[in-house]
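Numbering (this note's numbering), first residue to last: 286 to 553. Beta carbons are placed, not taken as given, at the ideal position from N, Cα and C, and that holds for glycine. So the structure is just underneath, and the comments pick up after that.
Below is the structure:
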């Protein structure tokens, strides 16, 4: 499995910050679905959003919890600046440029949200152990991420064309995510759905990936000659489309978790 290069991810997302919203139809769908799982009875919470991006889900958090203190964190400075422009000035918003795996505030959070971000972190177990440390007891995490069937058409087509050409990013199964999170958290909700995009051709699909800064997972791009693009498009179209369009599957996972004491903590 390829290791995700955080520096490269940062650079790609920073380049894609201005065009992100034009191509982020899947992420907007995920945000709408994730919002269904967002609940809270208190008037004020300490909230962290991991991977705020351009502020697509941040807007929903701010609307739902207008009196809460909200920290919006992203690894990309350009994404954070775009979110600032979209959300405007508010004394309740705090923008942070940081990798969540290196983020260690003194305070604890009541709620952590993340939309379409966790797939960019290699070690999911380490991630959720860290998120556990950021939450107060009884605190909750609500997140969306991509499942293992995402872009399966592209993977199969690339493999047919040339085994050296790969979409290297690994996406997890829902049962794998359940196993990871069940160690530290009580699982309050777990769901999945599929969002099918349609593109004129493979080039248009890859342009959309680049438009949101997600092109860092496509390996050996220098080996893509014009002839290989044509061959890839034909393979993809024959298997997963027709003469007019190609289909692109996005497999989407949603979970809500509650922090409970780990077994070893109960023994202290």
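Apart from sequence neighbours up to five positions away, the residues of its chain that approach residue 533 with a beta-carbon distance below 6 Å are 482 and 490, ordered along the chain.
For residue 361, the secondary structure class from DSSP, reduced to helix, strand or coil, is coil.
With a cutoff of 8 Å on beta-carbon distance, residue 397 and residue 378 are scored as not near each other. Secondary structure in the segment 443–524: the beta strand (DSSP E) runs of 3 residues or longer, each lying completely within the stretch, are 470–484 in chain order. Just measuring C-alpha positions, the residue of 544, 387, 408 and 346 sitting nearest residue 372 is 346. Runs of the alpha helix (DSSP H) lying entirely within the segment 358–404, each at least 4 residues long, are 362–372 in chain order. Measuring C-alpha to C-alpha distances from residue 323 to each of 498, 448, 428 and 546 identifies 428 as the nearest. According to the DSSP assignment, residue 346 belongs to the alpha helix (DSSP H) that extends over 341–349.
Rounded to whole angstroms, the separation of the alpha carbons of residue 339 and residue 382 is 13 Å.
Taking the CA atoms as reference points, residue 336 sits about 37 Å from residue 512.
In the three-state DSSP reduction, residue 406 falls in the coil class, being neither helix nor strand. 536 is the residue among 542, 541, 545 and 536 whose C-alpha sits nearest the C-alpha of residue 314. Rounded to the nearest whole angstrom, the CA to CA distance from residue 496 to residue 538 is 22 Å. Cα atoms of residue 421 and residue 325: separation of roughly 15 Å, rounded to the nearest angstrom. Here the alpha carbon of residue 432 sits roughly 32 Å from the alpha carbon of residue 392.
The shortest CA-to-CA distance from residue 334 to any of 425, 521, 509 and 493 is the one to 425. The segment 296–315 makes contact with the segment 356–368: 3 or more CB pairs, one atom from each, lie closer than 8 Å. Annotated as distal: residue 435 and residue 403, with beta-carbon spacing of 8 Å or more. Assignment of residue 324 by DSSP, reduced to helix, strand and coil, places it in the coil class. Secondary structure at residue 422: strand, using DSSP grouped into helix, strand and coil. For the set 438, 385 and 440, the Cα lying nearest the Cα of residue 413 is the one of 385. When the beta-carbon positions are compared, residue 540 and residue 462 come within less than 8 Å of each other.
In the structure shown, the three-state DSSP call for residue 311 is helix.
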